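Asks:
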Amino acid sequence: MRSTLLTLCLSLLFLSTVTAQSANREKLLRNLLDLPAPAPSQPDASDKPETAEGPGGLYRSKNIPPDDAPLEDLLEYWKGQRYSPATISYRRRMSARTAERILDHLKDNPTLIPTYLGGFPTDDRTAGQLRDIYRSSKEGDSAEVFLNLQQWLTNNTTDGVAELSRVVRKIRDNNDYVSNQFQVALQSLARVDWDAARPHVERLEFDGSNPHSQILAYWTRYTHALAENNSSDIETYRRKLQQVVEDRSARYSQRDLAMDALVDGGNWDGRDAWYMSLFSDETLLEIQDNGYTGMTTLMNASASPEEWMDRFLSLVKSDNKAARSAGARNLMSIYNGQPQILEALLPWVADANWAKESQFSERRRLIEALGDIDVPGSLPALMSVVSNESDNGWSTAVAAIAKRKDPRTAPALRSLLTKTSGDLRRMVIGALVACGAMSADEQMTDVEVYAAMSLTEEGRVALELDAHSEYSVDYDDDEASKAPKKFSLPIEVVIGKALADVDEPDESLAALAIERAKAVQIKNPELSAKLTEIINGWSGRPIYLERVRRIRTGETDLDNIIGLLAERATVREKIPNELNALRSASGVARGVGACLTERDDEFLSIISDDDVESQVAMLGCARLLRTNLPVKDIARMFDSPNAMLKEAAERYLESEGSLDARRIVLARHPGEARLLGSHSAFMPDPKKVESSSYLDELFKTVNAKSYIASLPNLRAFERKLQTEIKEDKNLIAIFAQLPEGKSQQQVVRLYKDRSTYTYYDDPARSWSRNLTDKEYANFYSSIVSNKIDSLSPTLHGCNDVDARCPGAEFVLLGRDGGRRVFFSGYPYGHEIHAVDEQFETLKTTGELKLSYRLADKIKGLEVIVADSNFPVYAVWKRGTDLRFLVSDLALAQSVQKDLAEKLKSESIPETDDEDEAVTRARQTKIFELQQQLREEAMGKELSWRTLEKSTVGPIVQQPDGMNLLRRLAEIPPNYRSSFFRSAGPIDGADGVYASRYENGLFRDQAGEPVKIREGRYERAVASPDKTWAAATKFTDDDKKVIARLNLRTGREFLLSLPNANGLYPIAYVPSLAKVLLYRGPDAPREEFGFGMNDDDVADDEDPAETKDSSSTASPGKAEYYLLDLPTGAVRPVKGEFRPIEERPYRPLQASSTPGSAWAAVYDRESNSTQVGLYQERTFTFVPITTLPEIRLRSTDIWVSEDDKKVYFVYQNHLLAAPLGTL
């Protein structure tokens, strides 16, 4: 009996274990299928493999492709040659024939021309082609093309003679140099029109007071003589330039400019000998010391700088330090792995004074190079750097030593442990490990000591303090600051943390850590978990073996699978046999193993097998890797009775995305209007998934441009369209352009009897019209001809594209399904650009009819003014007198045109001989005149209007209390809407304002600020009699405190309200004669509801003066207080405060109910605005009318109790709605 009972219990235990394991596997697979998968990539030039003949192979910098090379090779080779005017250039130029081919290709895609402009030759044919493109671009909107071409044509053709002449008249020395602009201008003018340039060249040549400009004149004469083959002038001006270079008393900038001129002129007999003779002159080193190229200019301009190497190798053997220094600098400038250079410069490693380093850090680069190439005798030299020099050279030497892995370096490295910190200390520890100075057991002991310390609160604090101390900087220059830094952490912890943070530890350490984590799992699970966390951050063979073991035994989690997939190439290299062994496994292990090996035969074997778990796991991973599997074989899995396998097959086919795959999926969902195609990634359920570092790394290996984004607005609009086409049987098809935003959607709908276009310029309204048959045919033809439905997602960074950034999509949808084409930016000329143009044509032609969604929900909604020529800003009404503030855009254009003419007429001509001071004075005068004219023109288009025959009528006076004309006139038109959206009362509206950055509290007196008190104040609120004010004050440690100030005496009193991110006075409440204060998160108030909770208790009034403002964390909820200015008494208060916080330019509109005013309160949860009565004394709000799906503030509305309407301004339209019952 006992035996039977024991057997039964064991059976039940086994059954429960198996059931639990099965449930865990099912959950793992479910989570795997719910992961985002990368979007398909769109091939571009950067994705092309390098070949011996292609742009990355034969045609490298020294091998220019011939004129008859494939066009794509020419485009790839010359790409990136942006035009940058310079008198000396190290760039090659394409031939006239190559330029002709490239320009013929680019003429229809001019935005790419700036990428090639620097490589074009200056022959007449090329100039003519570029001139034609320039003239056409001037009429369009390609600003970059226009400006770049304008600059090129100015400097390379006679088109720019007048402009160049204007510039060269001003040439003179400035700050001991002559600017690059002047250099380019004079050289360009001399090249295209010598007669125009000659007088300026002669003026500069004989003006000794401007020596740099004089050298520029020599250079220009020399260049012209070479072009004319005038041997006499060539010799004369070459010698003048040589004398400048040789002149030890000349400034380094003059000598550098002369050297540029000689290099630009090309080779001559005796050039190289003359050049080499200069290197014993130690004063020439000053050129590079001050940031100029100097003695490296000639090499940089050489077709093969390496041809100079033997000469400089001889030079570094010189007894002259200047010669050695110049030789060493030049050798490192041409270094490209030549061991003979390193061997020749080895004395410089051991002795920093052997040669003089320039600001280009040649010695540091020499030491770096010795880490990669073992030159005899280099190791002792590197160790001498560590032993004898300061920390300035340690990091480079330690990095080089670590690559050598030589145990002899251990003592020198250990000496640095107590002298270093931060990244350098970690480098030292890494070098010690690399050179075998620490056994695996020692390393493991230190890692465990660190792990154990990190588990205690005291240890975490110590580790955090140490981490902060690594980034502290001591600027003192005394001896104490130069002493070795002492660390509070034990050296074992320091080493252990550094080892825990490495990417790939020594294999023996990794193996020990894995075993140790297992060994302490029962007795010390916290330590085991910490060690496992450290292990998961490592890579390497033992780590991969352990992670694969977890998969094989069923102990894996999702992160382990994703992480291995992201590193699959490295894993295959490190443990190929162990991965292949997964082929004999079953279930999840086999399916994941197939994706890790990426072997076609294993994929096919699993597909043909009956192991459902393997198939689900394989499909879940294959969609992450975008593995190509046979679509028809995957489709057969829909015959399986297993629901998860069916879902896995469908998820795979959705992400596979081919036409066949889409047809199969849509056939399973007839009438469901299912949308296929990727967004920025395939997201089965955006609510379930968050991005992770493992997933990010995996995406980089498949499609680095794909990214995870929830896109809630875009998806919501998709759902609306899907619902619409399923419910409206007359609707046949939908074509939509959907940005990721709450508005700007454009939709074409095809019905059985008509087609329509709708533009949603705002979430609350749209504009629509019927299309003609021809319009729809043109639209549809564009989609078909550009094959929009077959495009892959286009994913670009916002800086790489010309349009649609951030994301948007094009949707083609029918009742039986459709497809999306997502794009986050696309280059000019992309196929989707044709769709953009089609939608723009539909929007700008024909008469669009306005519709408000509110009209379906509010009976009696009126659109009073919706005129694009008269945007409305504000409304006011008394009795039958309705007035509204508008901007007359036609008048604004007229004013701007008139202003432009006046600005042009106010220009002050320059004179040929004016100096820099006169130029500055003239420009200042012009600016002042122009600024005066701009100020006079601002706001002329603003006016209050009334209705006349249901349209915008005549100008009327501004209503009392609506002081808007002056304020808006001072604001640029583009920022006026922001004025009405401001979050609180305007600082200074009551005549007192504060400025933290102007360090004071001010009173407005006759339009001029008068400082009342010094201090870093913000957001001042004054009492009506201007006796008292409250303001936020910033203390010396940047904490906030509420200050109460007597404006007559200047005395200040600080309140005891604790510091918070948001701490400021909101407004003066006249009915209570107190100031409302806010304390809480520094965020918009509507996010925090009604202020204090109902269970908050309002204490009795209590004086709160103190000289101390202690810092505490900001409260999670908004807190409100009332401050009595004369006494300083403060008490908490609860209620609705948004009507007070959101009134930027006028008081709330008084109502007929005593003590109440009309207010609008937006409710985020219901996305509606409630209009009702607000009691300022009690901070209570009584809703009267609800306006759904629209957001308004109190200053957007005006209530007319006579005709029971609420008038409101929404997005520059004036509307009215029934008020409801009072």
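To convert, count from 1 in the sequence shown and add 47; that's the working numbering.
Backbone N, C-alpha and C fix where the C-beta goes; we use that ideal spot for every residue, glycine too.
All values reported here derive from a predicted model rather than from experimental measurement.
Going residue by residue through the segment 265-309, where are the continuous alpha helix (DSSP H) segments of at least 4 residues, counting only ones entirely within it?
Replies: Runs of the alpha helix (DSSP H) lying entirely within the segment 265-309, each at least 4 residues long, are 278-293 in chain order.
Asks: Buried or exposed for His716, please, with buried defined as at least 16 other CB atoms from any protein chain shown within 10 angstroms of its CB.
Replies: Residue numbering aside, residue 716 sits at position 669 when the sequence shown is read from its first letter. His716 comes out exposed.
Asks: Is the segment 766-775 touching the segment 639-659 in the sense that three or more CB pairs, one from each, lie closer than 8 Å?
Replies: no
Asks: Hey, which unbroken runs of the alpha helix (DSSP H) at 4 residues or more fall wholly within the segment 809-835?
Replies: 820-832
Asks: Answer yes or no: do Glu909 and Ala1207 have a C-beta to C-beta separation smaller than 8 Å?
Replies: As a first step, residue 909 must be located in the sequence shown, where it is residue number 862. As a first step, residue 1207 must be located in the sequence shown, where it is residue number 1160. No, Cβ-Cβ distance for Glu909 and Ala1207 is not below 8 Å.
Asks: Among Arg1066, Arg1050, Glu1065, which one has its Cα closest to the Cα of Ile1059?
Replies: Here residue 1059 corresponds to residue number 1012 of the sequence shown, with the count starting at 1. Of Arg1066, Arg1050, Glu1065, the residue nearest in Cα terms is Arg1050.
Asks: Nearest to Ala763 by alpha carbon, out of Leu742, Thr803, Ser753, Gln792?
Replies: Reading the sequence shown from its first residue, position 716 is the one you call residue 763. If we check each option's Cα against that of Ala763, Gln792 comes out closest.
Asks: State the Cα-Cα distance for the pair Lys1086 and Asn1106, rounded to the nearest angstrom.
Replies: Residue mapping note: residue 1086 aligns to position 1039 of the sequence shown, counting from 1. Residue mapping note: residue 1106 aligns to position 1059 of the sequence shown, counting from 1. Rounded to the nearest angstrom, the two C-alpha atoms are 6 Å apart.
Asks: Taking the alpha carbon of Pro589 as the reference point, which residue from Asp732, Leu612, Ile622 has its own alpha carbon closest?
Replies: Numbered from 1 along the sequence shown, position 542 holds the residue referred to as residue 589. It is Ile622.
Asks: Would the segment 806-825 count as touching the segment 720-731 if we require 3 or more Cβ pairs under 8 Å?
Replies: no
Asks: With H, G and I counted as helix, E and B as strand and the rest as coil, what does DSSP make of Asn1093?
Replies: Along the sequence shown, read from residue 1 onward, the residue named residue 1093 stands at position 1046. Correct three-state label for Asn1093: strand.
Asks: So, is Asp1141 buried or exposed, given that buried needs 16 or more other C-beta atoms within 10 angstroms?
Replies: Taking the sequence shown and counting its residues from 1, one reaches residue 1141 at position 1094. Unreliable positioning characterises Asp1141 in this predicted model, as indicated by a pLDDT of 35, which lies under 50. The coordinate reading is nonetheless provided below. Asp1141 comes out exposed.
Asks: Is it the case that the CB of Gly1000 approaches a heavy atom of the ligand ATP more closely than 7 Å?
Replies: Ligands are entirely absent from the displayed structure, and the ligand ATP is therefore not among its contents.
Asks: Between the Cα of Thr1174 and those of Ser1118, Pro157, Ala1090, Tyr1167, spot the shortest distance and give me the residue it belongs to.
Replies: Numbered from its first residue, the sequence shown carries residue 1174 at position 1127. That would be Ala1090, whose Cα lies nearest to the Cα of Thr1174.
Asks: With a 10 Å radius around its C-beta and 16 neighbouring C-beta atoms as the bar for buried, classify Gly255 as buried or exposed.
Replies: Indexing the sequence shown from 1 puts residue 255 at position 208. Label assigned to Gly255: exposed.
Asks: Between which two residues does the beta strand (DSSP E) holding His19 run?
Replies: No answer is possible for residue 19: it lies beyond the span of the chain, which begins at 48 and ends at 1269.
Asks: Which two residues bound the contiguous beta strand (DSSP E) that contains Thr644?
Replies: The sequence position of residue 644 within the sequence shown is 597, counting from 1. Not the beta strand (DSSP E): Thr644 falls in the alpha helix (DSSP H), residues 634-644.
Asks: Determine the burial state of Gly865: buried for a count of at least 16 other Cβ atoms within 10 Å of its Cβ, exposed for fewer.
Replies: Within the sequence shown, residue 865 is the residue found at index 818, counting from 1. Classification for Gly865: buried.
Asks: When the distance is taken between beta carbons, is Val1218 closer than 8 Å to Val1177?
Replies: Working through the sequence shown from its first residue, we reach residue 1177 at position 1130. Working through the sequence shown from its first residue, we reach residue 1218 at position 1171. Against a cut-off of 8 Å, the Cβ pair of Val1218 and Val1177 comes out as no contact.
Asks: What does a CB cutoff of less than 7 Å around Asn846 pick up in its chain, not counting 5 residues either side in sequence?
Replies: Looking up residue 846 in the sequence shown gives position 799. The predicted position of Asn846 is uncertain, since its pLDDT is 49 and thus under 50; a value taken from the coordinates is nonetheless stated next. Excluding positions up to five away in sequence, the list is empty.
Asks: DSSP on Asp656, reduced to helix/strand/coil?
Replies: Working through the sequence shown from its first residue, we reach residue 656 at position 609. Judged by DSSP in its simplified three-state form, Asp656 adopts coil rather than helix or strand.
Asks: Can you tell me which of the three DSSP states Gly384 falls into?
Replies: Here residue 384 corresponds to residue number 337 of the sequence shown, with the count starting at 1. Correct three-state label for Gly384: coil.
Asks: Given a threshold of 16 other Cβ atoms within 10 Å of its Cβ, counted over all protein chains shown, does Ile569 qualify as buried or as exposed?
Replies: Position 522 of the sequence shown holds residue 569. Classification of Ile569: exposed, given that the 10 Å Cβ count is below 16.
Asks: If you run the structure through DSSP and keep just helix, strand and coil, what is Lys896?
Replies: Counting from one through the sequence shown, the residue named residue 896 turns up at place 849. DSSP places Lys896 in strand when its eight states are reduced to three.
Asks: Which term fits Pro427, buried or exposed, when burial requires 16 or more other beta carbons within 10 angstroms of its beta carbon?
Replies: One-based indexing of the sequence shown puts residue 427 at position 380. Pro427 should be labelled exposed.
Asks: Tell me whether the beta-carbon of Tyr741 lies closer than 8 Å to the beta-carbon of Asp606.
Replies: Taking the first residue of the sequence shown as position 1, residue 741 is located at position 694. Taking the first residue of the sequence shown as position 1, residue 606 is located at position 559. In this structure, Asp606 lies closer than 8 Å to Tyr741 by Cβ.
Asks: Pull the bridge partners of Ala869 from the DSSP assignment, please.
Replies: Counting from 1 along the sequence shown, the entry for residue 869 is found at position 822. Residue identity differs from the one stated: residue 869 is Phe in this sequence, not Ala. For Phe869, which the question treats as bridged, DSSP gives the partners Glu856.
Asks: Using the Cβ count rule (16 or more neighbours within 10 Å means buried), how would you classify Gln979?
Replies: Residue numbering aside, residue 979 sits at position 932 when the sequence shown is read from its first letter. Exposed, because fewer than 16 other Cβ atoms sit within 10 Å of the Cβ of Gln979.
Asks: Leu460 to Ala545, Cα distance in whole Å?
Replies: Working through the sequence shown from its first residue, we reach residue 460 at position 413. Working through the sequence shown from its first residue, we reach residue 545 at position 498. Taking the straight line joining both Cα atoms gives about 15 Å.
Asks: Taking buried to mean at least 16 other C-beta atoms within 10 Å of its own C-beta, is Asp303 buried or exposed?
Replies: Numbered from 1 along the sequence shown, position 256 holds the residue referred to as residue 303. When all chains shown are included, Asp303 counts as buried.
Asks: Give the list of continuous alpha helix (DSSP H) stretches no shorter than 4 residues that lie fully inside the segment 687-767.
Replies: Runs found: 690-703, 706-714, 740-749.
Asks: Which of the three DSSP states, helix, strand or coil, is assigned to Ile622?
Replies: Taking the sequence shown and counting its residues from 1, the one referred to as residue 622 is at position 575. Three-state DSSP puts Ile622 in coil, outside helix and strand.
Asks: May I ask you to report which of helix, strand or coil DSSP gives Lys1252?
Replies: For the purposes of this step, residue 1252 is identified with residue 1205 of the sequence shown, where counting begins at 1. Strand, per DSSP.
Asks: State the beta-bridge partners of Lys1058 as determined by DSSP.
Replies: As a working note, residue 1058 is residue 1011 in the sequence shown. Partner(s): Phe1049.
Asks: Judging by CA-CA distance, which residue of Glu988, Glu390, Pro1162, Thr267 is the nearest neighbour of Ser941?
Replies: Counting from one through the sequence shown, the residue named residue 941 turns up at place 894. With distances taken between Cα atoms, Ser941 lies closest to Glu988.
Asks: Rounded to whole angstroms, what is the Cα-Cα separation between Thr1082 and Pro1071?
Replies: The count along the sequence shown starts at 1 and reaches residue 1082 at position 1035. The count along the sequence shown starts at 1 and reaches residue 1071 at position 1024. If I take the Cα positions, the gap works out to 27 Å.
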